[in-house]
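Presented below is the structure to which this report refers.
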Ligand SMILES: *Cc1c(COP(=O)(O)O)cnc(C)c1O
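Residue numbers (the numbering used here): 300 to 709.
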């Protein structure tokens, strides 16, 4: 008789997005004439740029003709694209090679799948709050232990609190851990790690032979020139870090689907010398994955070209202006805000008398604006609230006007 993977039973009952939809639907049903403004979702809204569309259309034409049609490609990704990725790192002084780049269908699948090349008993550390994929995929793989409703966490996961005291970047773990997930700029806090902060983790990882899994999905939003955009800008990171990237947020590829992982050959682990992890990830991808869509890869190659990059930068600037508008409005109203300067998320402290969900209800009822309660991203997110800047300007403007006029902070 077949049995299910019982690890699924250890997943936290994270009803964050269904709970949000439920509350919004209930409110809308009671107030059918109210226009609800959604600043809750981390999804892009501006269209693909001209260069990207050109790249995809050209490939569509090639696929339409017998003499230029191509089917399966390299499962690691087209060489031209991997070279373009390598060049984009080289500009930042980060040295990687094409055979260390693995093109994929996105950063979420990669950040979920990467754990499979590590030992089932690896100790995992995560930022708290964080993107839920890192913990949940380790739960499914059996590394997380039980969920404890009292702490809001799993008993075998090492949670690294990101709080106002440490400006939302965690302290180095006191105990020995094997895998460290870092995301910068972070979702949900919108805060980007400094060079010194990353140096601390790289130092720790090299000492412990731990591996950092660095999610740089929001790197394109970094505008402060002093902040690193890739962990490979940090000396020694090639020996201890895997970086995961995506065009989802930087070029509007959330639906097109294109990301990549960099797994350097110089990575070393306790029982594997240089090249071991690169070979395992290659094996993993060749076994489970047949390569990213060739249309998506054509779009990606265009996005990484000079025109594509200039266009994407404008779109990212547009979202950053939205974020600045949200941040300015809340700050002028006396709320304490973080993030939103080098990221598309503003992380607001809710009034001290409230919990994240209380503020969700207040904002919905008074201002008709939907955001995301911080507590949904981990125990340390309680007392905070995420507002997303991925909207059309006119909707963001309506939302901030409504917040300014209607929200009574008591
Ligand atoms: C949106 C997001 C991604 C992107 O995932 P894709 O699968 O490439 O769309 C990755 N990491 C974080 C933290 C994100 O918020």
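Note that CB positions come from ideal geometry on N, CA and C, so glycine has one too.
Listed in chain order, the non-local C-beta contacts of residue 601 below 7 Å within the same chain comprise 350, 351, 353, 354 and 607, local neighbours out to five positions each way being set aside. Secondary structure note for residue 650: it is in no beta strand (DSSP E), with a DSSP letter that is neither H nor E. CA-CA distance, residue 426 to residue 673, rounds to 13 Å. For residue 571, the secondary structure class from DSSP, reduced to helix, strand or coil, is strand.
DSSP assignment within the stretch 379-463 yields the following whole beta strand (DSSP E) runs of 3 residues or more, N-terminal first: 400-403, 423-427 and 456-460. Residue pairing of residue 511 in beta bridges, as defined by DSSP: 479 and 540.
Cβ contact annotation for residue 520 (same chain, cutoff 7 Å, sequence separation greater than five): 484, 615, 619, 641, 642 and 643, in chain order.
Taking C-beta atoms as the reference points, residue 422 and residue 476 count as a pair closer than 7 Å.
Counting the other Cβ atoms within 10 Å of the Cβ of residue 377 gives 16 or more, which makes it buried.
In the three-state DSSP reduction, residue 556 falls in the coil class, being neither helix nor strand. In the assembly as shown, residue 621 is a buried residue. Its beta-carbon has 16 or more other beta-carbons within 10 Å.
Judged by DSSP in its simplified three-state form, residue 644 adopts strand. Between residue 472 and the set 456, 486 and 466, the nearest pair of CA atoms involves 456.
Separation of residue 359 and residue 683 (C-alpha to C-alpha, rounded to the nearest whole angstrom) is 45 Å. For residue 356, the enclosing alpha helix (DSSP H) starts and ends at 349-362. Between residue 670 and residue 659 the beta-carbon gap is near 7 Å, inside 8 Å, which marks them as a contact. Taking each of 335, 315 and 314 in turn and checking the Cα distance to residue 323, the smallest one comes out for 335. Under the three-state reduction of DSSP output, residue 704 falls in the helix class. In this structure, residue 592 has its beta carbon at no less than 6 Å from each heavy atom of ligand 1. For residue 686, the enclosing beta strand (DSSP E) begins and ends at 683-687. In the three-state scheme derived from DSSP, where H, G and I count as helix and E and B as strand, residue 672 is classed as strand.
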